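Below is one structure; the comments refer to it alone.
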Amino acid sequence: MSLSKKSKFIISFLIAFVLAFIIAYNYAYKSHTAIEDMEVAYAGNTQEFLSKVKETPEAWTQGEKVIQLTGLITAIDDKGISLNESIYFQLAEGTTTENLAEGKKIIIKGRIIGYDDLLEELKLDKAIIVKK
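Numbering-wise (this note's numbering), the sequence shown opens with residue -5 and increments by one.
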């Protein structure tokens, strides 16, 4: 049983289409890097880091930069923590605010998502608590 040229072309096209679909799907839906595994671009206290961000906000808000900061908790809500009234960390899923209190010193790690020049507030997401 021999296949015609038209049948061979259709089969080749279908195989190429399936391969292209698999490659595109794997590229578009690749797993995200966990915040624990990402390289820390800055580690230090909140006041020093805010002064660096105010000098060059574009340098810190471009790309996925992860920072680890030490500071005092000034506000707590269900989804996040504010440090020194000027940095808001949106907590990663599964991270709780239990055993935390305002005025307590904390070390927290998160990914920068933006800086508000008007309010002078830095926002981070995927935050995890390193040390309570």
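By construction, the Cβ of each residue, glycine as well, lies at the ideal position given by its N, Cα and C atoms. The structure displayed is predicted, hence computed values, not measured ones.
- Taking buried to mean at least 16 other C-beta atoms within 10 Å of its own C-beta, is PHE43 buried or exposed? buried
- Item | Under 8 angstroms between C-beta atoms of ILE101 and ASP119 | no
- Item | Contact set for ILE5: own chain, Cβ-Cβ below 8 angstroms, skip 5 residues either direction | LEU(-3)
- Once you ignore the five residues that flank PHE83 on each side, which residues in its own chain have a CB closer than 6 angstroms to its CB? GLY74, ILE75, ILE102, GLY104, LEU118 and ALA121
- Message: Tell me the residue span of the beta strand (DSSP E) that contains THR68.
- Response: 60 to 70
- Task: Measure the alpha-carbon distance for TRP54 versus ILE16 and round it to whole angstroms.
- Result: 35 angstroms
- Item | First through last residue of the beta strand (DSSP E) which encompasses TYR109 | 99 to 110
- Report the option in ALA14, SER45, LYS2 and TYR109 whose CA atom is closest to the CA atom of GLY57. TYR109
- Message: On the DSSP bridge list, what partners appear for LEU77?
- Response: ILE67 and ILE81
- Going by the beta-carbon positions, is the gap between ILE61 and TYR36 smaller than 8 angstroms? yes
- Roughly how many angstroms separate the alpha carbons of GLU79 and GLU33, rounded to a whole number? 26 angstroms
- Message: Taking its Cβ as the centre, do 16 or more other Cβ atoms sit within 10 Å of VAL12, making it buried, or is it exposed?
- Response: exposed
- Given a threshold of 16 other Cβ atoms within 10 Å of its Cβ, counted over all protein chains shown, does GLY88 qualify as buried or as exposed? exposed
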